[in-house]
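Novice:
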Amino acid sequence: MRLYLAAPLSVPREAMEDCTIAGFHVPAGTRLMINLWKLQRDPSIWHKPLDFMPERFLSDHVNIDVRGENFELIPFGCGRRICPVDMSESIGITIPKATPLEVTLTPKLPSMLHR
C-alpha cells in the first residue's frame, strides 16, 4: 500500500507560518502539495524502497497506532472506519471497496399499490 497510493500528490496544505523546506523559504499562506509518489520511493527515507519488506514495520514503526492517533503512515490510510479496498494498481482519487456494497430494497407500501 505504501507504493500504490490513491493519488500521486497530497491534498493541498497551507503553511501556517514562514518556514524553510529543503533550503527553500516558504512564506505563511503558501499552498503546498506533497509529491507522495516520490516520497514513498525515496531511498533516503525508506531502506530499499521498491522491495516488499513488511518486516520494516515490525521494528521502526511497531508502536504506531494505525487507528488514527499517529499519522506517520497516513498514505496507508488510517482511522477507526478504515475499510478493505480493492488493491489492484491504478491512479485515482477514490479506491473502490474490496467487496461492493449491496442494496436491498424493502417496499414500505402495501403490495397492492405496486404495479
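Counted from 1, the sequence shown has number 22 at position 23 by numbering that gives the first Met the number 0; the numbering is strictly sequential.
Here a beta-carbon is modelled for each residue, glycine too, at the ideal position from N, C-alpha and C.
Predicted model only: the values in this text are computed from it and were never measured.
Does the Cβ of L8 have 16 or more other Cβ atoms within 10 Å, making it buried, or fewer, making it exposed?
Specialist: Against the sequence shown, residue 8 aligns to sequence position 9. Counting the other Cβ atoms within 10 Å of the Cβ of L8 gives fewer than 16, which makes it exposed.
Novice: Going by other Cβ atoms of all chains shown within 10 Å of its Cβ, with 16 needed for buried, is L100 buried or exposed?
Specialist: The residue given as residue 100 occupies position 101 in the sequence shown. By the neighbour-count rule (16 or more Cβ atoms within 10 Å), L100 is not buried but exposed.
Novice: Can you tell me where the beta strand (DSSP E) with T19 in it begins and where it stops?
Specialist: On the sequence shown, position 20 is the one that residue 19 refers to. Run containing T19: C18 to I20, per the beta strand (DSSP E) assignment.
Novice: List the endpoints of the continuous beta strand (DSSP E) containing V25.
Specialist: Position 26 of the sequence shown, counted from the first residue, corresponds to residue 25. Under the DSSP assignment, V25 falls in the beta strand (DSSP E) whose first and last residues are F23 to V25.
Novice: Assuming L4 contacts L35 (C-beta within less than 8 Å), just tell me the rounded distance between them.
Specialist: Counted from its first residue, the sequence shown places residue 4 at position 5. Counted from its first residue, the sequence shown places residue 35 at position 36. Contact holds; Cβ gap of about 5 Å.
Novice: Specify the secondary structure class of L4 as computed by DSSP and reduced to three states.
Specialist: For the purposes of this step, residue 4 is identified with residue 5 of the sequence shown, where counting begins at 1. Coil.
Novice: Let me know the secondary structure DSSP gives E13 once reduced to three states.
Specialist: In the sequence shown, counting from the first residue as 1, residue 13 sits at position 14. Three-state DSSP puts E13 in a strand.
Novice: Can you tell me which of the three DSSP states R30 falls into?
Specialist: As a working mapping, residue 30 is identified with position 31 in the sequence shown. Residue state, collapsed to three classes: strand.
Novice: Return the CA-CA distance between G28 and V10, expressed in angstroms with no decimal places.
Specialist: Walking along the sequence shown from the start, residue 28 turns up at place 29. Walking along the sequence shown from the start, residue 10 turns up at place 11. Roughly 15 Å separates the two Cα atoms.
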